[in-house]
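A.B. asks: Start counting the sequence shown at 48; every next residue gets the next number (the numbering used here). The structure follows.
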Amino acid sequence: MYAEIGLTALFLAFVAAVYALGASIYGGRVHADKWVRSARNAALLTFPLLLLSCGMLVGGLLTGQYQISYVWSVSDPNTPIFYRVTALWGSQAGSILFWSLLMSLFSTGALLLNWNSQRRLMPWVIAYTMATLAFFLSLSLFFENPFERYWIMPGNEVVQTALIPAGAVAPSASRLAETANGLNPLLRHFGMIIHPPMLYLGFVSFVIPFAFAMAALASGDLSTNWIKATRRWALVAWLFLSLGLILGGRWAYDVLGWGGYWGWDPVENAAFLPWLIGTAFLHSVMIQEKRGMLKTWNMFLVIGTFSAVIFGTFATRSGLID
């Protein structure tokens, strides 16, 4: 039940994001408000759907649904309750799903807070946020599906798939529980509870300034409207990233082999680059607001920050950097 409901909610969220992307672009091009409103409603729908999907995965972790391959790989019957919850972001498939949940949450907040004041930018804000969300949801659906399950085929071959193969039967629940991997020992640390969510919140928050900047370019509104709408988002992102980096640096001193602050793992280094560019953006944007200068430079900075976020996420989560 957990896998079926979670996978269905994940698929529906992907459909809603793709529809919102298409409807917002069409509505923005032909200036059809009904299409933009429809896109907005679809975009808002992604958050409750992904909340349900993540809830099902967490429920599977808490109740020991070891037929779900992700649950089997990151938990076992001896894993403490709070580490079972943190196992949601303890491996690649869960991390991508958690990223998508936060992305939908921040997109919802940006749409609700700016819908009336930034109507001209809204079609393109929806388009860019939903394009980003749809990309990560496609990774969850087609490449790193957290709801894949183990099945035994008629020839006793064990397969791992999100769908139910013809003639397959479920493995023994007790056998799966006995052989479950459990969470990586290096991740059984208090920092696991706070550190990854802080980094993800910082990463996702920077998507909102990027979306508004691209919306300003697409709509031709190159005034300071997009900056007024996103300055607080950029500050929130910077604060979350700062906290995440500090916690990660402290955590690195407690784990043998991580080498302390200057020997950070790739995740920390990947977070440091957008933090640097984001710091420059926060300072530079004040000059544009006060003196009307550095408009092009600020566009480059916000695009650079977003690019660093995506590259860092890809480099660390794709296995390109170990």
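We put the CB at the ideal spot given by N, CA and C, even for glycine.
#1: Per the DSSP calculation, Tyr-197 is bridged to which residue(s)?
#2: Considering just the uninterrupted stretch of the alpha helix (DSSP H) at Ile-274, what are its terminal residues?
#3: What number of angstroms, rounded off, separates the C-alpha of Gly-351 from the C-alpha of Ile-324?
#4: Count the other CB atoms within 10 Å of the CB of Asp-123; is the residue buried (16 or more) or exposed (fewer)?
#5: By a C-beta neighbour count over all protein chains shown, 10 Å radius and 16 as the cutoff for buried, is Ala-157 buried or exposed?
#6: Strictly by DSSP, which residues pair up with Val-216?
#7: Under 8 Å Cβ to Cβ from Gly-229, same chain only, skipping five residues before and after it: list those, please.
#8: Just the C-alpha distance for Met-239 and Ile-52, rounded to the nearest angstrom, thanks.
#9: With a CB to CB cut of under 7 Å and the five nearest residues on each side skipped, what residues in its chain are close to Phe-145?
#10: Distance check for Phe-189 and Pro-218, CA to CA, integer angstroms please.
#11: What residue range does the alpha helix (DSSP H) around Pro-95 cover?
#12: Nearest by alpha-carbon distance to Val-216: which of Leu-233, Ser-151, Tyr-197 and Arg-222 is it?
#13: Taking all protein chains shown into account, decide if Arg-222 is buried (16 or more other Cβ within 10 angstroms of its Cβ) or exposed.
#14: Using 8 Å as the cut-off, can you tell me whether the region 252-269 makes contact with the region 198-211, which would need three or more C-beta pairs spanning the two stretches below that distance?
#15: Assuming Ser-85 contacts Ala-70 under a Cβ cut-off of 8 Å, what Cβ separation, rounded to an integer in Å, is found between them?
#16: On the CB-based measure, 16 or more other CB atoms within 10 Å of its CB, does Thr-226 come out buried or exposed?
#17: Between which two residues does the alpha helix (DSSP H) carrying Arg-233 extend?
#18: Near Leu-367, what residues of its chain come up, given a Cβ to Cβ distance below 6 Å and the 5 sequence neighbours on each side ignored?
#19: Given a cut-off of 8 Å, decide if Gly-359 and Ala-317 are closer than it, judged by their beta-carbon atoms.
#20: Around the C-beta of Tyr-370, are 16 or more other C-beta atoms found within 10 angstroms, so that it is buried, or is it exposed?
#21: Spatial neighbours of Thr-155 within its chain, please: C-beta separation below 7 Å, excluding the five flanking residues on both sides.
#22: Ignore the nearest five residues each way along the sequence and tell me which others in Gly-141's own chain have a CB closer than 8 Å to its CB.
#23: Would you tell me roughly how many angstroms separate the C-alpha atoms of Ile-173 and Ala-67, rounded to the nearest one?
#24: Identify the continuous alpha helix (DSSP H) that holds Ser-187 and give its terminal residues.
#25: Are the region 72-83 and the region 160-175 in contact at 8 Å, needing three or more beta carbon pairs?
#26: Tell me the DSSP bridge mates of Ile-115?
#27: Quick test of your reading: Phe-328 and Leu-348, contact by CB under 8 Å. State the CB separation rounded to the nearest angstrom.
C.D. replies: Inspection of the coordinates gives the following:
#1: Gln-207
#2: 272-299
#3: 7 Å
#4: buried
#5: buried
#6: Ile-199
#7: Val-121, Ser-122, Asp-123, Asn-125 and Thr-126
#8: 27 Å
#9: Cys-101, Leu-135, Trp-136 and Tyr-247
#10: 24 Å
#11: 80-110
#12: Tyr-197
#13: exposed
#14: no
#15: 5 Å
#16: exposed
#17: In the sequence as displayed, the identity of residue 233 is Leu instead of Arg. It is not in any alpha helix (DSSP H) - Leu-233 carries neither H nor E in the DSSP assignment.
#18: At Leu-367 the pLDDT is 48, less than 50, meaning the model places this residue with poor confidence; the figure from the coordinates comes in the next sentence. Nothing meets the Cβ criterion.
#19: yes
#20: What the structure shows of the chain is the stretch from 48 to 369, and residue 370 is not part of that stretch, so it cannot be assessed.
#21: Leu-91 and Phe-94
#22: Leu-104, Tyr-117, Val-121, Ala-134, Leu-135 and Pro-193
#23: 7 Å
#24: 169-189
#25: yes
#26: Arg-196
#27: 4 Å
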